[in-house]
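Chemist: Let me begin by handing over the structure; questions about it come next.
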Amino acid sequence: MTRLRQADARPPRGALRSPPGAARTRTAGRGGRIRGFTLIEVLVALGIVAIALAAGTQATMALTRNAQRQSDLLLAQLCAENELVKARLARQLPAVGDAGLVCTQANTSFAVTVSTTATLNPNFRRVDVQVRDAADAPVLRLSTVVGRY
């Protein structure tokens with residue numbers, strides 16, 4: 114009687130069969146080791162991960178730019194509101210014309226232009242404040258009407 118090795122033994126017909134369409138484990142021919150992923154599968158997965166990371170980076174950069182823009186807008190609004198309050202608190206109407214000055218808020222410098230124009234009613238003046246950043250890009254523009262008290 115010869116003994117069959119365990120690897121040579123086969124189950125009887127119909128026993129331990131997987132159902133049709135079920136995923137089967139890929140095995141190497143000898144030793145029964147499970148094979149790894151193919152190079153194509155790894156490259157496709159790596160490409161998908163790279164695209165997802167690039168999209169995440171773009172979203173993060175957009176959020177960072179938006180936060181910086183919001184901070185600049187708040188600081189520019191402080192500069193503009195300060196100039197409008199100065200015009201309102203003055204005891205006389207502001208002179209017609211343009212005035213430029215530099216406003217620094219939180220170590221950020223802004224160029225502020227105050228434009229005062231006459232209105233049809235001589236008791237009122239229109240005051241426009243334009244705030245620009247260091248790159249001379251407009252950040253904010255506020256307007257008000259100042260009256261004689």
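Whatever position you read off the sequence shown (first residue = 1), add 113 for the numbering used here. Backbone N, C-alpha and C fix where the C-beta goes; we use that ideal spot for every residue, glycine too. From a predicted model like this one, the values you see are computed outputs, not experimental measurements.
(1) I think Ala-200 touches Val-240, with their Cβ atoms under 8 Å apart; what is that distance to the nearest whole Å?
(2) Quick one: what does DSSP say Arg-201 is sitting in, helix, strand or coil?
(3) Verify whether the separation of the beta carbon atoms of Glu-271 and Val-225 is less than 8 Å.
(4) Which residue's Cα is closest to the Cα of Leu-233: Val-259, Ser-184, Ile-161?
(5) Quick check on the DSSP output: what are the complete alpha helix (DSSP H) runs of length 4 or more inside the segment 198-253, in order along the chain?
(6) Between the Cα of Val-244 and those of Ser-228, Gly-169, Arg-254, spot the shortest distance and give me the residue it belongs to.
(7) Compare the C-beta of Arg-238 against all C-beta atoms of chain D and say whether one is closer than 8 Å.
(8) Got a sec? Which residues, its chain only, sit under 8 Å from Val-209 by beta carbon, not counting five neighbours each side?
(9) For Asp-185, does the count of other Cβ atoms within 10 angstroms reach 16, so buried, or fall short, so exposed?
(10) Roughly how many whole angstroms lie between the Cα atoms of Gly-160 and Ala-168?
(11) For Ala-193, is the classification buried or exposed, using 16 other Cβ atoms within 10 angstroms of its Cβ as the cut-off for buried?
Modeler: The short version:
(1) Confirmed, Cβ separation roughly 5 Å.
(2) Helix, per DSSP.
(3) No answer is possible for residue 271: the residues shown for the chain start at 114 and end at 262.
(4) Of the candidates Val-259, Ser-184, Ile-161, the one whose C-alpha sits nearest the C-alpha of Leu-233 is Val-259.
(5) Complete alpha helix (DSSP H) runs here, min 4: none at all.
(6) Looking at the Cα atoms, Arg-254 is the closest of the given residues.
(7) Looking for chain D here will not work: only one protein chain is present.
(8) For Val-209, the CB contacts under 8 Å within the same chain, skipping 5 residues up- and downstream, are Thr-229, Thr-230, Ala-231, Arg-238 in chain order.
(9) Result: buried.
(10) Going by the C-alpha atoms only, they are around 12 Å apart.
(11) When all chains shown are included, Ala-193 counts as buried.
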